[in-house]
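*Asks:* Chains as they are written, first to last, in this note's numbering: chain A, 6 to 116; chain B, 3 to 117. Please see the structure below; I have some questions.
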Amino acid sequence: SQQGEEDPQALSIQEGENATMNCSYKTSINNLQWYRQNSGRGLVHLILIRSNEREKHSGRLRVTLDTSKKSSSLLITASRAADTASYFCATETSGTYKYIFGTGTRLKVLA
Amino acid sequence: EAGVVQSPRYKIIEKKQPVAFWCNPISGHNTLYWYRQNLGQGPELLIRYENEEAVDDSQLPKDRFSAERLKGVDSTLKIQPAELGDSAVYLCASSQRGTGGNEQFFGPGTRLTVL
Numbered sequence: 006s007q008q009g010e011e012d013p014q015a016l017s018i019q020e021g022e023n024a025t026m027n028c029s030y031k032t033s034i035n036n037l038q039w040y041r042q043n044s045g046r047g048l049v050h051l052i053l054i055r056s057n058e059r060e061k062h063s064g065r066l067r068v069t070l071d072t073s074k075k076s077s078s079l080l081i082t083a084s085r086a087a088d089t090a091s092y093f094c095a096t097e098t099s100g101t102y103k104y105i106f107g108t109g110t111r112l113k114v115l116a
Numbered sequence: 003e004a005g006v007v008q009s010p011r012y013k014i015i016e017k018k019q020p021v022a023f024w025c026n027p028i029s030g031h032n033t034l035y036w037y038r039q040n041l042g043q044g045p046e047l048l049i050r051y052e053n054e055e056a057v058d059d060s061q062l063p064k065d066r067f068s069a070e071r072l073k074g075v076d077s078t079l080k081i082q083p084a085e086l087g088d089s090a091v092y093l094c095a096s097s098q099r100g101t102g103g104n105e106q107f108f109g110p111g112t113r114l115t116v117l
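This is the structure we're talking about:
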């Protein structure tokens, strides 16, 4: 079964706009990662945030983590058509090395 | 540096037939994962290896699925016999165990269709 749930399930925006997607999970975690999947490159790691971190940046990506609410958000700024993909959060359950993926957000960026 | 290699990329079989998937992880990565991804869903872990030891196979349907990772490098995932519900993409990933979490590198996957 999948622990994380992404919200929204699908998102369509214009190029240049920002895209925000959220991830909720159920148990205590060691860290949370975001992955991107498109047909051309498969699943690719984007960013990792540890449970003791609240915010992290990487290029046009900004990730926040609220462990009290068991939620994370991924912000993509100044989106491009190439950002069109499905985005998944993956949580590493505390005390294990097991990663559980969410259900994904399908992002479409219109040129 | 070569990424995770999987073969075949596509496989179509009749139900009740056996099928096998092969994975070659990134050199030096001691952790290997097999995931199954159904259409419109995220990957679900089937089995995780640390070197040649299967440390988490709780999600592997052991009545029909088996896996091995001989010598702690390549791995094979087998289904026998296949059922219609096994149609999915089977993903292999590898990582280098380290502190503070680890990035998983995924292969392109094998798309299985069971008729």
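Glycine included, C-beta positions come from ideal geometry on N, C-alpha and C. This structure is a prediction, so every number in the text was calculated from the model and none was measured.
How is the beta strand (DSSP E) around ILE54 of chain A delimited, first residue to last?
*Replies:* Taken as a continuous stretch (DSSP letters only), the beta strand (DSSP E) holding ILE54 of chain A covers 47-55.
*Asks:* What number of angstroms, rounded off, separates the C-alpha of THR33 of chain B from the C-alpha of ALA95 of chain A?
*Replies:* Cα to Cα, the separation comes out at about 17 Å.
*Asks:* Can you round the beta-carbon distance between GLU10 of chain A and THR98 of chain A to whole angstroms, since I take them to be within the 8 Å contact cut?
*Replies:* Wrong, their Cβ atoms sit about 16 Å apart, outside the cutoff.
*Asks:* So which residues of chain B does LYS113 of chain A contact, with C-beta pairs closer than 9 Å?
*Replies:* Chain B residues near LYS113 of chain A: none, gap ~15 Å exceeds 9 Å.
*Asks:* Would you be able to state if there are at least three C-beta pairs under 8 Å between the segment 23-37 of chain A and the segment 16-25 of chain B?
*Replies:* In short, these stretches do not touch, since the Cβ pair count stays below three.
*Asks:* Unbroken beta strand (DSSP E) runs of length 3 or more, entirely within the segment 24-64 of chain B: which are they?
*Replies:* Complete beta strand (DSSP E) runs here, min 3: 33-39, 46-52, 55-58.
*Asks:* Could you spell out where the beta strand (DSSP E) holding ASN43 of chain A opens and where it closes?
*Replies:* Segment 34-43, the beta strand (DSSP E) holding ASN43 of chain A.
*Asks:* If you run the structure through DSSP and keep just helix, strand and coil, what is LYS74 of chain A?
*Replies:* DSSP places LYS74 of chain A in coil when its eight states are reduced to three.
*Asks:* I need the straight-line Cα distance from SER78 of chain A to ASN27 of chain A, nearest angstrom please.
*Replies:* Computed Cα separation, rounded: 4 Å.
*Asks:* If you measure from the beta carbon of HIS62 of chain A to each beta carbon in chain B, is any gap under 9 Å?
*Replies:* Judged by the 9 Å Cβ criterion, HIS62 of chain A is not in contact with chain B.
*Asks:* Counting only Cβ-Cβ distances shorter than 7 Å, please list the residues of the segment 53-68 of chain B near chain C, keeping chain order.
*Replies:* Given the protein chain composition of this structure (A and B), no chain C is represented.
*Asks:* If the criterion is Cβ atoms closer than 9 Å, does the pair LEU80 of chain A and ALA95 of chain B meet it?
*Replies:* No.
*Asks:* Report the residue from B:PRO45, B:ASP58, B:ARG11 whose alpha carbon sits nearest the alpha carbon of LYS103 of chain A.
*Replies:* If we check each option's Cα against that of LYS103 of chain A, B:ASP58 comes out closest.
*Asks:* So the beta strand (DSSP E) LEU16 of chain A belongs to, where does it begin and stop?
*Replies:* Run containing LEU16 of chain A: 15-19, per the beta strand (DSSP E) assignment.
*Asks:* Any residues in the segment 35-54 of chain B with a beta carbon nearer than 9 Å to a beta carbon of chain A? Which ones, in chain order?
*Replies:* Here the close residues are TYR35, TYR37, GLN39, GLY42, GLN43, GLY44, PRO45, GLU46, LEU47, ARG50, GLU52.
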